[in-house]
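Asks: To start, I am sharing the structure in question, which I have written as structure tokens.
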Amino acid sequence: MAYYQNYLSHFLSLIELKDFLDVLIVASLFYVALIFIRQTRSYFIFYAIVLISGIYFLSTKFDLGLTRQIFQPFLTFAIFFLAIIFQRDLRRFFDWFFISGQKIVWEKKKTISDEVSLAVMRAVDIMSKKKIGALLVFPGDYPLDTLVEGGWLLDGKVSSPLLLSIFDTSSPGHDGAVIIDNNRLYRFGVHLPLAENYQSFDKAGTRHRAGAGITERSDALAVIVSEERGDISIARDGKLQLITSVDELRVKISDHIKVNTHLTTGFWHYFLARNTWMKVVSVSLAFIFWFSYVFSGGTVTKTLSVPIEARFIRENLVVEQVSPQSIKVTVTGNEKDLRGLDSGQVKAIIDLPKAEAGWQDVQIKNDNISYPAYVKLIKIDPQVVKITLRSKVERY
Numbered sequence: 294m295a296y297y298q299n300y301l302s303h304f305l306s307l308i309e310l311k312d313f314l315d316v317l318i319v320a321s322l323f324y325v326a327l328i329f330i331r332q333t334r335s336y337f338i339f340y341a342i343v344l345i346s347g348i349y350f351l352s353t354k355f356d357l358g359l360t361r362q363i364f365q366p367f368l369t370f371a372i373f374f375l376a377i378i379f380q381r382d383l384r385r386f387f388d389w390f391f392i393s394g395q396k397i398v399w400e401k402k403k404t405i406s407d408e409v410s411l412a413v414m415r416a417v418d419i420m421s422k423k424k425i426g427a428l429l430v431f432p433g434d435y436p437l438d439t440l441v442e443g444g445w446l447l448d449g450k451v452s453s454p455l456l457l458s459i460f461d462t463s464s465p466g467h468d469g470a471v472i473i474d475n476n477r478l479y480r481f482g483v484h485l486p487l488a489e490n491y492q493s494f495d496k497a498g499t500r501h502r503a504g505a506g507i508t509e510r511s512d513a514l515a516v517i518v519s520e521e522r523g524d525i526s527i528a529r530d531g532k533l534q535l536i537t538s539v540d541e542l543r544v545k546i547s548d549h550i551k552v553n554t555h556l557t558t559g560f561w562h563y564f565l566a567r568n569t570w571m572k573v574v575s576v577s578l579a580f581i582f583w584f585s586y587v588f589s590g591g592t593v594t595k596t597l598s599v600p601i602e603a604r605f606i607r608e609n610l611v612v613e614q615v616s617p618q619s620i621k622v623t624v625t626g627n628e629k630d631l632r633g634l635d636s637g638q639v640k641a642i643i644d645l646p647k648a649e650a651g652w653q654d655v656q657i658k659n660d661n662i663s664y665p666a667y668v669k670l671i672k673i674d675p676q677v678v679k680i681t682l683r684s685k686v687e688r689y
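Residues are numbered in the numbering used here as their position in the sequence shown, beginning at 1, plus a constant of 293.
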């Protein structure tokens, strides 16, 4: 037990504030990526990234040169490939990020009133018995404006007669969907994206595919009435569920919309107050990467031979001699960072704006050494160099 306590104490003593910040930034990036994958339902991206990262990690850990050489450039350009392939999804995601992120205020989230709930239940019950096809959408946190097309803006009071008239076969908007948001019939006659996984809905009609499609791409709830059988179904997370009664439907809609008082909807509420498991996964992944690529390498030192550079010399003077011409600079840092560090990344610069002709001893301080931020300077040898300046000889 004492051994583990000593090891933990030693481990914590090696961790600096910048390491916590490093893990926090990477964990946030992982978290945003997981939210994007979940919102766009692009789960195969997650599996592909895990597979490729795992292979690259093994190739680095066990020094598999060929595998590393193949996968390293692929990982470099992977972000550009993903940006091209998922540009529409990225646009919707960042719309959600920036637009809904501006709504951070304390207020009560939208609820469905008893009047609206009763009107919807009556209309759905009548349409189910008469086998009138219908499609109703109840948005969640994710905005639908960039996902839907067509339709007409109504922003009217929800009532059973209004819903029945919209889905009447003689109505021009009966083939589309209605969007009910904040107890208002926001739009009708709207065209929704169809579900991408057609094989799962081979026996379903277009309305069912549209209902599943909008819930594949957002956190909305869709209610579908079949015009062939009169069945009532709901779609959520891209999956269809048959509803056996209107009372069950009322509970499903209420559960989808009604929540307690908290931060309003939008990205920041979604980001800060939800998704505990994704936060745990993100922090765990960030820590694993940090431990594997940063901490496990250990702290090492490296000494480089760095040439002296003199600048800001008077116009009538030139450098005749520097002795020695280079100095030894010793730095410390992570072993993997120092592996690629060379003398071209470290410079010894001396400013001589007031120097006169002749020789002078110049002391080299830490401020005279330029080096990457990820290493720490520990030694300069020698700390004094001799520089000889002479006057320029003009020739005619």
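Each residue gets a CB set at the ideal place from its N, CA and C atoms; glycine is no exception. Just so you know, these numbers come straight off a predicted model, no measurement behind them.
(1) By DSSP, does R331 sit in helix, in strand, or in coil?
(2) Output the distance between the C-alpha atoms of Q362 and G466, rounded to the nearest integer angstrom.
(3) Looking only at its chain, what residues have a beta carbon closer than 6 Å to the beta carbon of V516, apart from the 5 residues adjacent to it on each side?
(4) Going by C-alpha to C-alpha distance, which of E442, L383, V655 and P600 sits closest to A503?
(5) Taking E509 as the reference, which of T569, V451 and L437 has the closest Cα?
(6) Taking D548 as the reference, give the member of I338, D468 and S406 with the closest Cα.
(7) Bridge partners of G651, per DSSP?
(8) State the DSSP-derived secondary structure class of P454, mapped to helix, strand or coil.
(9) Between I328 and chain D, is there a C-beta pair that is closer than 8 Å?
(10) Thinking C-beta only, is I643 closer than 8 Å to N661?
(11) For S619, I'd like the list of residues in its chain whose CB is within less than 7 Å of its CB, leaving aside the five on either flank, ordered along the chain.
(12) Just list the alpha helix (DSSP H) runs in the region 580-654, keeping only unbroken ones of 4 residues or longer that don't cross its boundaries, in chain order.
(13) Of all the options S519, E309 and F329, which has the alpha carbon lying nearest to the alpha carbon of V417?
(14) Does H484 pass the burial test, meaning 16 or more other C-beta atoms within 10 Å, or should it be called exposed?
(15) Should Y479 be labelled buried (16 or more other beta-carbon atoms within 10 Å of its own) or exposed?
(16) Would you mind giving the Cβ-Cβ distance between I425 and F481, rounded to the nearest angstrom? I have them listed as a contact below 8 Å.
(17) Let me make sure I understand the geometry here. Which of S636, A641, G626 and S575 has the alpha-carbon closest to that of A603?
(18) In this structure, how does DSSP classify Y340 when only helix, strand and coil are distinguished?
(19) Could you check if Y340 is buried or exposed, using at least 16 other CB atoms within 10 Å of its CB as the buried criterion?
(20) Would the beta-carbon of S414 fall within 8 Å of that of L514?
(21) Would V615 pass as a contact of I671 if the rule is Cβ separation under 8 Å?
(22) For G633 and P617, what's the separation of their Cα atoms in angstroms?
(23) Enumerate, from N- to C-terminal direction, the unbroken alpha helix (DSSP H) stretches of 4 or more residues contained entirely within the region 491-544.
(24) Round the Cβ separation of I525 and S421 to the nearest angstrom and send it over; I've been treating them as touching at under 8 Å.
(25) Between V639 and Y667, is the Cβ-Cβ spacing less than 8 Å?
(26) Using a Cβ-Cβ cutoff of less than 8 Å, which residues in the same chain neighbour A376 once the five nearest sequence positions on both sides are dropped?
(27) If you check the beta carbons only, do I345 and F370 fall under 8 Å apart?
(28) Can you tell me which of the three DSSP states I377 falls into?
(29) Please classify L351 as buried or exposed, where buried requires at least 16 other C-beta atoms within 10 Å of its C-beta.
(30) For N476 and E408, I'd like the C-alpha separation in whole angstroms.
Replies: Straight from the coordinates:
(1) helix
(2) Each residue's alpha carbon lies about 57 Å from the other.
(3) L429 and I527
(4) E442
(5) The alpha carbon of E509 has as its nearest neighbour, out of T569, V451 and L437, the alpha carbon of L437.
(6) S406
(7) Under the DSSP definition of a beta bridge, G651 partners with L682.
(8) helix
(9) Absent here is chain D; the protein component of the structure consists of one chain.
(10) yes
(11) S598, V599, P600 and I601
(12) 628-632
(13) Ranking the options by Cα distance to V417, first place goes to S519.
(14) exposed
(15) buried
(16) Contact flag wrong, Cβ pair sits at about 15 Å.
(17) A641
(18) helix
(19) exposed
(20) It should be pointed out that residue 414 corresponds to Met in this sequence rather than to Ser. Result no, Cβ atoms of M414 and L514 do not sit closer than 8 Å.
(21) No, the pair does not count as a contact, with Cβ atoms beyond the cut-off.
(22) 26 Å
(23) 499-509
(24) 5 Å
(25) Not a contact, by the Cβ cut-off of 8 Å.
(26) L383
(27) no
(28) Correct three-state label for I377: helix.
(29) exposed
(30) 9 Å
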